[in-house]
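Residue numbers (the numbering used here), protein chains in the order written: chain A, 1 to 319; chain B, 1001 to 1528.
For glycine and all other residues, C-beta sits at the position ideal for the given N, C-alpha and C.
What follows is one structure encoded as structure tokens, with my remarks underneath.
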Amino acid sequence: MSAATAVLRRFKFSREVVLLGVLIVLMFVMSLLSPLFFTVGNLLNTSRFFVEVGLMALGMTLIIITGGIDLSVGSNVALVSVAVGFTYAAGLPLPLAIVFGLVVGLAAGLFNGLFITLLDLHPLVVTLGTFALFQGLAYGLSNAEAVSDFPDWFAYFGQAYFLNVVPGQLFIFILAVVVVWLILSRTRFGRYVYAIGNNEEAAHFSGVPVRRVKLALYSGIGLLVGMAAVIYTSRVYTARGDSGLGLELDVISAVVLGGASIYGGSGTIGGTVLGVLIIATLRNGLVLAGVPSTWQVFVLGVLLLVAVFLNEFFRRREE
Amino acid sequence: MSLSDDPGTQGAATVAEALPVFRLQNATKRFGGVTAVEDVDFDLRPGEVHALVGENGAGKSTLMKIVHGLYTPDEGTLEVGGEAVEFSSPRDAEGAGIAMIPQELDLFPELSITENLFVGRHRPRTRWGTLDQAAMRAEARERLRSLGVDLNVTTSVKGLSAANQQIVAIARALVGEAKAVVMDEPTASLTDREVQQLFRIISDLTSGGVGVVYISHRLEEIFTISDRTTVLRDGRHIITAPASELDAEKLVNLMVGRPLNELFTRSPHSPGEVALEVRGLSRAGEFEDVDLVLRRSEIVGLSGLVGAGRSELAQSIFGIRSPESGEIRIDGADVQIRSPQAAMERGIFYVPEERRSQGLILPFSIKNNITLSILDRIARFGFLPRSERQTADRFAKELSIRGAKVSDPVSRLSGGNQQKVVLAKSLAREPSILLLDEPTRGIDVGAKSEIYRLIDDLAKKGKAILLISSELEEVLSMSDRVVVMREGRITGEFGRGEANQQVVMTAATGGKNRPAPELRGNEASEDE
């Protein structure tokens, strides 16, 4: 019992509780802004939008814990979307086109990983380069055209409902959350991720295969991006070179808001999921309130700065 | 203790009357639960050399960091020129005329000598408001000339010899019009002749009225140069006495607090088959053509000056740096080791010198540190097993890591306990070849003696051990064989019977007339 109260006492001030509070307040404010917000239909519908960001945020959490970052995820969504759409349009059966898209996502991530580990370059610079490179490739290959004559069943990934209300992709997301959470908190690989983020040199001296772990992480987020891109393409039913434009902002904001330190070493999947929910609520609420999308980006920028401040606040309090 | 330990009444008559440059009284400094210095008095008079000695971890550096404004004492007062002061940064201390030349020189290697001298200082301006480079260069040249050296002040510092870098650091301290200069192990990487040059500079300084605090492990230097000597042990002030009242043996006993032979543990063990053999190992700029043999149940001491390439050699064997040529054989078989993982699979483990940056993940718990190198062995299908905690408990107990639970972060532990965690981590891996790089550096005497017992025990159990150490007595007392490196090459190898301070230091420095340091100060000072 005393253990339970100790847990409660610690929990009272933990970041997760603060984030949960923020989420609840946010939802309350949104419901005042728009009477539509607090309907079951809308809440579940919101999940349609956050699954894509959420999948990428899971991978981004691990990368940020190692002290790295991947700025190219949004561009990679476009690349995968174009890869699926245009190979299908060129005659490849859709299931194979989807598999091809996933392979492209993975390969793009692997490309980042190889550059970062083999040449010992900073991930910020490498993925800033591939951010432009993937985007350019997606535009160039699609010739700024769009593909949208997919067969009906393709809608399954992004538009299906279970029991008429629960969006299908929510299940994929929940499964991914469980898997990544297990990896980070219960496996050797997860321990390595934290070790690298806290002290890469000591990790190397301790026999942690630093390069292999990083390679796996950047490839892994590539695969998650592939999945997100397929869901995205299915949801909007169109493959275009500007799919996923700017999504890296939502993804990184969610992870930092969730408490992962941008300096590496700390972060949790629970925090990231809350971060994703807060950003999705904000986006959805702003849409319902009729705020134009450009101003939504402004609000996200403010949120990211607040998150960084909050992280610093928590870090100093811990010391 | 028959000698007076009152610092106020002793000392050379010529400086006894003068007001001290600074006086520290009842200084106490704690870090978490660890008390680094306790109730220590220390003062420095104008024109004297005041030696500060003590074992690693005795609190010498902490004390001087208080004087230099890097640490604020938890208790006690600091007076400069008779007035109480509170420094909140080294800048304050330097403003009050107290300069520090740390062991690891804080120069900027890419900048020129001139730029280094003026970093953080007032720089002369031309009437256009730009920096007056010519004036700065002239002053830099003048400063160096007054120290007796003539260097091109526009060259970058990284190309200078260790001695010249030292001189630049001293010149830099003097740009701030220092009244007191603290030198922390200034001769650690100097040759004999350069040491003489440094002594000449120090005596020039003191005859100009500057007080010098001289921290050194080399006792014969202390007897040569100091007016007074203060001994610290385990953070406490033991004695302050004129150099004339101390001799080497007395000093060592005061420093260690017990006869030396009780510190070390050595039980009989006889070296067996060759476990590790290195032939012609080279890596440009670090070490060259190194041959080395380690046998089972053998402790080989690797001695040499700082920068002789010992750590680099060990790290190459461990797969952290790849050697450019040469062979490594384990149990007689040629092996290629390209990563620490590969080395560990071959039964090699390296305990690094830099335990905080290379040996430990400081925010991690004791448990997570101990098991970090064996996760590949204990994980089941990649998942961490429940038995991880018991494993960690077992090794924490074996090393008697005290005052902490295995779930506590290692950042909270004392240096000695942190080092025990690093050793626990290496033992968990059950290596047959253990490379220990300065395993007792900066830890207290109690933990030291436990680590010596552990090393002895490991040798008895058949492990091949390479003991890299800059402490001669440690190497001489623990090793079956002593190998000496100088400037990247093996320059001497001595059996247990033949190794002594004299021959090891001669091999380490390359000089013939280099006196044996540390233990034999007096009898070996015939080259004065």
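Roughly how many whole angstroms lie between the Cα atoms of residue 1368 of chain B and residue 1425 of chain B? In the second sequence, residue 1368 of chain B corresponds to position 368, counting from 1. In the second sequence, residue 1425 of chain B corresponds to position 425, counting from 1. The alpha-carbon atoms of residue 1368 of chain B and residue 1425 of chain B are separated by roughly 9 Å.
Through-space distance from residue 1460 of chain B to residue 1267 of chain B, alpha-carbon basis: Position 267 of the second sequence, counting from 1, holds the residue named residue 1267 of chain B. Position 460 of the second sequence, counting from 1, holds the residue named residue 1460 of chain B. For residue 1267 of chain B and residue 1460 of chain B, the distance between alpha carbons rounds to 8 Å.
Coarse secondary structure for residue 1327 of chain B, derived from DSSP in three states: By one-based count along the second sequence, residue 1327 of chain B stands at place 327. Residue state, collapsed to three classes: strand.
Closer than 8 Å by beta-carbon distance: list the chain A residues that pair up with residue 1390 of chain B, in chain order. Locating residue 1390 of chain B in the second sequence gives position 390, counting from the first residue. Ordered by position in chain A, no residue passes the 8 Å Cβ test against residue 1390 of chain B, which lies about 17 Å from the chain.
Taking all protein chains shown into account, decide if residue 1523 of chain B is buried (16 or more other Cβ within 10 angstroms of its Cβ) or exposed. If you number the second sequence from 1, residue 1523 of chain B lands on position 523. With a pLDDT of 33 at residue 1523 of chain B, under the threshold of 50, the modelled position of that residue is not reliable, and no figure is offered here.
How about residue 111 of chain A and residue 284 of chain A: are their beta carbons less than 9 Å apart? Stepping through the first sequence from its first residue, residue 111 of chain A is reached at position 111. Stepping through the first sequence from its first residue, residue 284 of chain A is reached at position 284. Not a contact, by the Cβ cut-off of 9 Å.
Residue 1323 of chain B touches chain A at which residues, Cβ-Cβ below 9 Å? For the purposes of this step, residue 1323 of chain B is taken as the residue at position 323 of the second sequence. By Cβ distance, chain A contributes nothing, its closest Cβ being about 17 Å from residue 1323 of chain B, past 9 Å.
Check the Cβ of residue 1264 of chain B against every Cβ in chain C and list those closer than 7 Å, keeping chain order. In the structure shown, chain C cannot be found, because the protein chains are A and B.
I'd like to know whether the C-beta of residue 202 of chain A is nearer than 9 Å to at least one C-beta of chain B. Numbered from its first residue, the first sequence carries residue 202 of chain A at position 202. Answer yes: the Cβ-Cβ gap between residue 202 of chain A and chain B drops below 9 Å somewhere.
Examine chain A for any beta-carbon lying closer than 9 Å to the beta-carbon of residue 1343 of chain B, and answer yes or no. Locating residue 1343 of chain B in the second sequence gives position 343, counting from the first residue. Chain A contact via Cβ: present.
Cβ shell of residue 1477 of chain B (< 6 Å), same chain only, five flanking positions each side left out: Taking the first residue of the second sequence as 1, we reach residue 1477 of chain B at position 477. Once the five neighbours on either side are set aside, the close Cβ partners of residue 1477 of chain B are 1264.
Below 7 Å between beta carbons is the criterion; list the residues of the segment 184-198 of chain A that meet it against any residue of chain B, in chain order. 186, 187, 188, 189, 191, 195, 198
If you follow the beta strand (DSSP E) that residue 151 of chain A is in, where does it begin and where does it stop? As a first step, residue 151 of chain A must be located in the first sequence, where it is residue number 151. Careful: residue 151 of chain A lies outside any beta strand (DSSP E) and carries neither H nor E.
Determine, using beta carbons only, whether residue 1088 of chain B comes closer than 9 Å to chain A. Position 88 of the second sequence holds residue 1088 of chain B. No, its Cβ sits nowhere closer than 9 Å to a Cβ of chain A.
For residue 1340 of chain B, the first and last residue of its enclosing alpha helix (DSSP H): Residue mapping note: residue 1340 of chain B aligns to position 340 of the second sequence, counting from 1. 1340-1345 is the extent of the alpha helix (DSSP H) around residue 1340 of chain B.
Spatial neighbours of residue 124 of chain A within its chain, please: C-beta separation below 6 Å, excluding the five flanking residues on both sides. Position 124 of the first sequence, counting from 1, holds the residue named residue 124 of chain A. For residue 124 of chain A, where only same-chain residues beyond five positions count, the Cβ hits under 6 Å are 69.
Under the three-state DSSP convention, the category residue 1026 of chain B falls into: As a position in the second sequence, residue 1026 of chain B is number 26, starting the count at 1. If DSSP states are grouped into helix, strand and coil, residue 1026 of chain B belongs with the strands.
Can you tell me whether DSSP reads residue 1134 of chain B as helix, strand or coil? Taking the first residue of the second sequence as position 1, residue 1134 of chain B is located at position 134. It is helical.
For residue 1253 of chain B, count neighbouring C-beta atoms within 10 Å of its own C-beta (all shown protein chains included) and say buried if the count is 16 or more, exposed if not. Position 253 of the second sequence holds residue 1253 of chain B. It counts as exposed.
Should residue 1101 of chain B and residue 1186 of chain B be called a contact, given that it needs their Cβ atoms to be closer than 9 Å? Residue numbering aside, residue 1101 of chain B sits at position 101 when the second sequence is read from its first letter. Residue numbering aside, residue 1186 of chain B sits at position 186 when the second sequence is read from its first letter. Against a cut-off of 9 Å, the Cβ pair of residue 1186 of chain B and residue 1101 of chain B comes out as a contact.
Quick one: Cα of residue 1307 of chain B to Cα of residue 1468 of chain B, how far? Here residue 1307 of chain B refers to the residue found at position 307 when the second sequence is read from its first residue. Here residue 1468 of chain B refers to the residue found at position 468 when the second sequence is read from its first residue. Distance between the alpha carbons of residue 1307 of chain B and residue 1468 of chain B: 12 Å.
CA-to-CA distance, residue 1240 of chain B to residue 1020 of chain B, given in whole angstroms: Position 20 of the second sequence, counted from the first residue, corresponds to residue 1020 of chain B. Position 240 of the second sequence, counted from the first residue, corresponds to residue 1240 of chain B. So the two alpha carbons sit approximately 15 Å from each other.
Check whether the Cβ of residue 207 of chain A lies closer than 9 Å to any Cβ atom in chain B. One-based indexing of the first sequence puts residue 207 of chain A at position 207. Answer yes: the Cβ-Cβ gap between residue 207 of chain A and chain B drops below 9 Å somewhere.
When the distance is taken between beta carbons, is residue 1076 of chain B closer than 9 Å to residue 1040 of chain B? As a first step, residue 1040 of chain B is located in the second sequence; it is residue number 40 there, counting from the start. As a first step, residue 1076 of chain B is located in the second sequence; it is residue number 76 there, counting from the start. Yes; because the gap between Cβ atoms is below 9 Å, this pair is in contact.
Runs of alpha helix (DSSP H) wholly within the segment 1370-1394 of chain B (minimum 4 residues, chain order): 1375-1378
Can you tell me whether residue 207 of chain A is buried or exposed? The criterion is at least 16 other CB atoms within 10 Å of its CB, across all chains shown. For the purposes of this step, residue 207 of chain A is taken as residue 207 along the first sequence, with counting starting at 1. Per the 10 Å Cβ criterion, buried.
Within chain B, partners of residue 68 of chain A - CB distance below 8 Å: Position 68 of the first sequence holds residue 68 of chain A. None at all; the shortest Cβ gap to chain B is about 17 Å.
Could you run through the segment 254-278 of chain A and flag, in chain order, every residue whose CB is less than 9 Å away from some CB of chain B? 265, 266
Go ahead and pull the three-state DSSP assignment for residue 1096 of chain B. For the purposes of this step, residue 1096 of chain B is taken as the residue at position 96 of the second sequence. Coil, per DSSP.
Could you give the first and the last residue of the continuous alpha helix (DSSP H) run that contains residue 235 of chain A? In the first sequence, counting from the first residue as 1, residue 235 of chain A sits at position 235. First-last of the alpha helix (DSSP H) with residue 235 of chain A: 210-236.
Confirm, please, whether the CB-CB distance from residue 276 of chain A to residue 73 of chain A is below 9 Å. Here residue 73 of chain A refers to the residue found at position 73 when the first sequence is read from its first residue. Here residue 276 of chain A refers to the residue found at position 276 when the first sequence is read from its first residue. No. Outside cutoff.
What are the boundary residues of the beta strand (DSSP E) that residue 1239 of chain B is part of? Along the second sequence, one-based indexing puts residue 1239 of chain B at 239. It spans 1236-1242 - the beta strand (DSSP E) in which residue 1239 of chain B sits, taken as one unbroken run.
In three-state terms, what does DSSP make of residue 156 of chain A? Against the first sequence, residue 156 of chain A aligns to sequence position 156. Helix at residue 156 of chain A.
Going along the chain, which residues of its own chain have a beta-carbon closer than 7 Å to the beta-carbon of residue 1342 of chain B, five neighbours each way excluded? Here residue 1342 of chain B is taken as the residue at index 342 of the second sequence, counted from 1. Once the five neighbours on either side are set aside, the close Cβ partners of residue 1342 of chain B are 1319.
Residue 1198 of chain B versus residue 1170 of chain B: straight-line alpha-carbon distance, rounded: Residue numbering aside, residue 1198 of chain B sits at position 198 when the second sequence is read from its first letter. Residue numbering aside, residue 1170 of chain B sits at position 170 when the second sequence is read from its first letter. Distance between the alpha carbons of residue 1198 of chain B and residue 1170 of chain B: 10 Å.
Can you give me the C-alpha to C-alpha distance between residue 1403 of chain B and residue 1279 of chain B, rounded to a whole angstrom? Residue numbering aside, residue 1403 of chain B sits at position 403 when the second sequence is read from its first letter. Residue numbering aside, residue 1279 of chain B sits at position 279 when the second sequence is read from its first letter. One C-alpha to the other measures close to 45 Å.
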